[in-house]
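Q: Heads up: the sequence shown begins at 1 in the UniProt record's numbering, then just goes up one per residue.
Quick one: the structure is below, questions incoming.
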Amino acid sequence: TSTVLSISMTFLQWRKCNFFEIYKDDIKNEKLKAIKDVSIASCSSGHGLLILGDVSGLVHKIDRGFNISSFRAYELNLSFVYQLKQSNVLITIGDDESGINPLIKVWNFDKYDKNGNPLCTRICRAIPNNKPTLVSCVVCHENLNYLAVGFQNGSVVLFKGDVMRERGSKQRVIHDGGFQISGLKFKNTPKGCYLFIVTNEDVWSYAIQVKDKDIKVKLDNQGCSSMCITMSDPKSDELLYIAKNDAVYCYTHDSRGPCFAFGGEKLILHWYRSYLVVLSKETRVLPSNTSSSIRENSRPDEFVFTIYDIQNKLVAYVCKLTSPAFVLSEWGSLYMYSADKTIVEFLEKDTQTKLQALFKKNLYDVAIRLSKSQQFDDEGLVEIFRQYGDHLYSKGDYNGAIDQYIKTIGKLEAAYVVRKFLDSQRIHNLTAYLEALHKEALATEDHTTLLLNCYTKLKDKNKLDHFIMKTDKSVDFDVELAIRVCRQSGYSELALWLAKQHNIHHLYLHIQIEDLSNYSEALDYIRALGKSQIKSSLQKYGNVLMTHVPGETTELVKSLFESEPKEKDDSALTPCEYLHLFVEHKSHMKEFVQMAIKYEPSSSLYHTLFELYVDEYTHASDFQVKQIVQTNIMDLLRDQGATYDTNQLLVFFKTTDFTPGILYLYERAHFYYQILHYHMEKNDYNNVLMTCRKYSSLDATLWVKALWYFISVTTPDVDRYIKDILREIEVQKLLPPIMVVEILMKSPVANLGLAREYLMRTFEKENSIIEDDLKIISQYKKETGDIASILNQIQMSVVVFQGSKCNICNNLLSLPSVHFLCQHSFHQHCFVSYCESDNECPACLPQNKKLLEIIRSQDRRRDFHEQFHMQLEKSNDAFSVVADFFGRGAFNNVIVVNDHIAPRKDFNITSDNSNSTLSESRLRLTEVKNQFQTNIQTEGRLRLATRNQAVPVPSEGRLPQNAGPNAGSTQSETRLRLNEKPGQNMNGSPKIGITSKTLPTEASFSIGTPNPFEDDEDYDDTKNPFNSSDNPFGEEDDDYDSSLNPFS
1 TSTVLSISMT FLQWRKCNFF EIYKDDIKNE KLKAIKDVSI ASCSSGHGLL
51 ILGDVSGLVH KIDRGFNISS FRAYELNLSF VYQLKQSNVL ITIGDDESGI
101 NPLIKVWNFD KYDKNGNPLC TRICRAIPNN KPTLVSCVVC HENLNYLAVG
151 FQNGSVVLFK GDVMRERGSK QRVIHDGGFQ ISGLKFKNTP KGCYLFIVTN
201 EDVWSYAIQV KDKDIKVKLD NQGCSSMCIT MSDPKSDELL YIAKNDAVYC
251 YTHDSRGPCF AFGGEKLILH WYRSYLVVLS KETRVLPSNT SSSIRENSRP
301 DEFVFTIYDI QNKLVAYVCK LTSPAFVLSE WGSLYMYSAD KTIVEFLEKD
351 TQTKLQALFK KNLYDVAIRL SKSQQFDDEG LVEIFRQYGD HLYSKGDYNG
401 AIDQYIKTIG KLEAAYVVRK FLDSQRIHNL TAYLEALHKE ALATEDHTTL
451 LLNCYTKLKD KNKLDHFIMK TDKSVDFDVE LAIRVCRQSG YSELALWLAK
501 QHNIHHLYLH IQIEDLSNYS EALDYIRALG KSQIKSSLQK YGNVLMTHVP
551 GETTELVKSL FESEPKEKDD SALTPCEYLH LFVEHKSHMK EFVQMAIKYE
601 PSSSLYHTLF ELYVDEYTHA SDFQVKQIVQ TNIMDLLRDQ GATYDTNQLL
651 VFFKTTDFTP GILYLYERAH FYYQILHYHM EKNDYNNVLM TCRKYSSLDA
701 TLWVKALWYF ISVTTPDVDR YIKDILREIE VQKLLPPIMV VEILMKSPVA
751 NLGLAREYLM RTFEKENSII EDDLKIISQY KKETGDIASI LNQIQMSVVV
801 FQGSKCNICN NLLSLPSVHF LCQHSFHQHC FVSYCESDNE CPACLPQNKK
851 LLEIIRSQDR RRDFHEQFHM QLEKSNDAFS VVADFFGRGA FNNVIVVNDH
901 IAPRKDFNIT SDNSNSTLSE SRLRLTEVKN QFQTNIQTEG RLRLATRNQA
951 VPVPSEGRLP QNAGPNAGST QSETRLRLNE KPGQNMNGSP KIGITSKTLP
1001 TEASFSIGTP NPFEDDEDYD DTKNPFNSSD NPFGEEDDDY DSSLNPFS
């Protein structure tokens, strides 16, 4: 009772507004005249249709244009219709025959039968527990899986399964009471689906998804009549509302909610959008002494149509009607169907019109609630708050006004509010607004300054300390802004505390260093920070700290890297980022770099350390200090783990003229000529010779370069230097004598007498070589004669085979056997097993193959080398030609030395041309030494190498007679030598006498050694046994007796 009384008193305070307007459309009512004679038993709406069911069994569908289509659902009568909201399905209950229980029919409006009527998909009896009774209400779940039917005897039957089909559907009586069922409603929750059962006397909640369990909850001991039950939409939490004469009650699925004391006899309860529609009856009360005639002539009872905004506690609309019948809602509109067969539409006004009406009545609080319920954006709400605040401000309610202005923070310009409260009498309100502004983190520097000034004027030290010094670090202002304001106001200590308390490191250091000049305290603070903060702090304040506390700052930077883990990641520190701190402090920089190299041995750090060392070396005046620094530099250069760039460091040493470093790097890079050239530029003659002696084993051309250098030197000891150089050239055979003479002839100071001893020794060696060559020539002539006699003997004499053993199995010979003219004999079966050819001796074949390969190689290269010389002379890019032929294997086995090319006139030791010439000389020298001594032998040398071995006898005695003596490899070699023109080798190139004692080192000179095979006018051709026109290997002699040939 107390609860209802309280709510009733609250209801009396609800403000009344006119948010709807009534509209009676004559066109729609004209269309409804088609059913004016119909008695409507039930109505429903949903899925874009209004459904009217008359008592004769007809169903009338009304679309949005109020076009009516009807079909007969039952033959006798119709009791209830229920149209689903989300499906085009209609549930009806009626009778086809009298005296039989009602039928439940399910209609699908998406399908039609052959008569054009909606398709009836299911028909079933409505009877609970085989007890005949009348239906009082029906409801269907939107998922079409549940259908509940209430009866007048208090029973409720629940159908589970597909409502559209009878097969698979199950029915069960879930409630059986003694009171008529007034209404049924389904509700969905996250926990399941519930069915509200309302009778005339009580309210129940039934959980229908719990298997084989009946979970019922009795929500109230009072019920309601039919049509006085409704349910709110999902946006309003799907609450159940029932109407009694004293009030409207609200229920959840498990408990009773609030109630609203809406008086009057309730006839219809309906939910439309967020409004509760109540149709109540207002009975006229006449005095007891009123006559009967007056009572009969008095006006009939009136019906009050009320629309309530439950959420905003408003009476949105009130009007009186005469003969209402049903309340429907569809297409976003609310309709009242009257008993006179007319329909009235209630149109809701737009939100802006509603707000304007509220503003006129100064109902800003109601306007705010309405705007929030209509999901207004922040811009719309702020304008309402501003108008409400202005209204309160004009009425003198400054506290209420400031509360509304605070709600506009972030949208309304703060200056609009601040200007209203600048009066000193309203400074408390201004302080409250500024505090709220800081709490939203929207205060500017001026706002913070104004708030601090307000605290100062109010002399409220506690608020000032509370505003600034909050130990929990939860502040309502921009800390950095407050710190700057405090600094500007001279409160450096307060700003320092604030920065330290809130870990604003850069401002704390800024105050300590620039405002208070506490460098040591700032350094201690940096030392306590994390790695990333230390890095950023040193980058910003490192230069200032190095100026005032260099030692401590250096130790701090060093400690960063000493504590770093060996395994680096992306956040690892880089020493190079801190080098700029030590620009003006070289001693500390050297100390830091020496440590940093151990952490990160990068080339940039090594170069920096070398620069520091060389700078110290250059500016040192004490000799001992210089020696120590030089030792440090050289030790660092020799460090195998050092990762410096040799070229870059060499440029630096040259710039600073640090001689030990230059010479070491040249030696390390194998730039021996640069070492020699460096001493030449310094005119250090002794070091020039020492360099040649030290590195000549690695680069023999250094002696040649030194000779070119000393022929232009005017020092008194130049003769001694030149003689030493000539001696090394002679020992190492670096240049031919003719080139040495040409070089000395270009000297302005040297004369030919310096080379006298050198030339004498050279001539003696050349004479010795000539003598050796003459001996070889005579040996060749003797061997040639021996070969000719052997060939003659083979052709003219009988060959006796005296072999008694097989040269393969080493057993005694037995017929059949095979004999070769080389005196090798074999069993026939052994020969067949091991021979590669029927015409080759297996024992002589390996040696013959080697000789034949040499001969074929010489034949192939004859034209090849002539082509090389021709292209080399015609080409503009000689190097490309050489590279091309080198890749094709032209120089693999045979060395070709070009004809004599006079030395260039502009040859100078310091020019680029000299370098190319000397490089060519060195290249040719190395090539000749490596290839000539190992791979290449002229025929004469080849014959000389085998002169101590047994001369192979002619092979292939079994060759055909027309093959003659040319079949053997030795004979083939001899014929090739006989057909060779004098003065040419096998390749057709000019024949040059090359010995192991005199090797050519330049391609642009002629060795000058006489070739014994060249044409000589004094040579007697009669002494040449091969000059005879009678070729013993030519065509067969007519006198030759072929019968003497055992193989013919």
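We treat Cβ as the ideally placed atom computed from N, Cα and C, and that holds for glycine.
1) Spell out the partners DSSP gives E302 in its beta bridges.
2) Just the Cα atoms here: how many angstroms apart are N751 and I729?
3) Would Y405 and V417 qualify as a contact pair, given that the criterion is a beta-carbon distance under 7 Å?
4) Check for me: the alpha helix (DSSP H) holding P128 runs from which residue to which?
5) Please report how far the alpha carbon of K407 lies from the alpha carbon of D478, in whole angstroms.
6) Whole angstroms are fine: how far does the CA of I675 sit from the CA of N683?
7) Alpha carbon to alpha carbon, how far is A950 from W708?
8) Ignoring anything shorter than 4 residues, give me the alpha helix (DSSP H) runs that lie fully in the UniProt repeat "CHCR" (405-554), in order along the chain.
9) If I'm right that V198 touches G223 with Cβ under 8 Å, what's the distance once you round it to whole angstroms?
10) In the DSSP assignment, find the unbroken beta strand (DSSP E) run with F80 in it and report its ends.
11) Let's test the definition: count the other Cβ atoms within 10 Å of the Cβ of S517 and tell me whether it reaches 16, buried, or not, exposed.
12) With DSSP collapsed to three states, give me the class of S394.
13) Between the alpha carbons of K36 and D233, how many angstroms are there, rounded?
14) Could you check what DSSP says for W703 in three-state terms: helix, strand or coil?
15) Would you mind stating whether G46 and K85 have Cβ atoms separated by less than 7 Å?
16) Can you tell me which of the three DSSP states A325 falls into?
17) Nearest-angstrom Cα distance between Q871 and M739?
18) Helix, strand or coil: how does DSSP classify S1006 here?
19) How would you write the range of the alpha helix (DSSP H) that I343 sits in, first residue to last?
20) For S712, does the three-state DSSP call read helix, strand or coil?
21) For the 8 Å Cβ check, are there 3 or more pairs between the segment 317-328 and the segment 374-388?
22) Pull up the distance between the alpha-carbon of F19 and that of T306, whole angstroms please.
23) Quick one: any contact between the segment 768-775 and the segment 797-805, if contact means 3 or more CB pairs under 8 Å?
24) Suppose you measure from the CA of S814 to the CA of H827; what does that come to, to the nearest Å?
25) Take G192 and list the residues in its own chain whose beta-carbon comes closer than 8 Å to its own, dropping the five residues that flank it on each side.
26) So if DSSP puts R165 in a beta bridge, which residue, or which two residues, is it bridged to?
27) Rounded to whole angstroms, what's the CA-CA distance from P990 to Q858? Just pull it up for me.
28) How long is the line joining the alpha carbons of T553 and D615, rounded to whole angstroms?
29) Measure the alpha-carbon distance for K341 versus P324 and round it to whole angstroms.
30) Would M745 be called buried (16 or more neighbouring beta carbons within 10 Å of its own) or exposed?
31) When the distance is taken between beta carbons, is G94 closer than 7 Å to Y78?
32) Measuring only the C-alpha atoms, how far is D220 from I368?
33) Rounded to a whole number of angstroms, what is the C-alpha to C-alpha distance between Y575 and Y508?
34) Is it true that the CB of I174 sits closer than 7 Å to the CB of V156?
35) Let me know the secondary structure DSSP gives G46 once reduced to three states.
36) Hey, could you find the ends of the beta strand (DSSP E) I242 is sitting in?
A: Put simply:
1) E282
2) 17 Å
3) yes
4) Run containing P128: none; DSSP gives neither H nor E here.
5) 20 Å
6) 12 Å
7) In this predicted model, A950 has a pLDDT of only 34, less than 50, meaning its place in the structure is not dependable enough to derive any value.
8) 414-420, 427-439, 445-458, 461-468, 479-488, 492-501, 505-510, 519-527, 531-548
9) 5 Å
10) 77-83
11) exposed
12) helix
13) 33 Å
14) helix
15) yes
16) strand
17) 27 Å
18) Any reading at S1006 must be qualified, since the residue scores a pLDDT of 33, below 50, and its modelled position is unreliable; no value is offered.
19) It is not in any alpha helix (DSSP H) - I343 instead sits in the beta strand (DSSP E) that spans 343-348.
20) coil
21) no
22) 11 Å
23) no
24) 7 Å
25) A207, I208, Q209, V210
26) DSSP, once it has assigned bridges, lists no residue as partnering R165.
27) With a pLDDT of only 33 at P990, under 50, the local geometry of the prediction cannot be trusted, and the value read off the model is given with reservation. Between P990 and Q858, the C-alpha separation is close to 14 Å.
28) 23 Å
29) 10 Å
30) exposed
31) In the sequence as presented, Tyr is not what sits at residue 78; that position holds Leu. Yes, Cβ-Cβ distance for L78 and G94 is below 7 Å.
32) 35 Å
33) It is Pro, not Tyr, that sits at residue 575 in the sequence shown. Going by the C-alpha atoms only, they are around 25 Å apart.
34) yes
35) strand
36) 240-243
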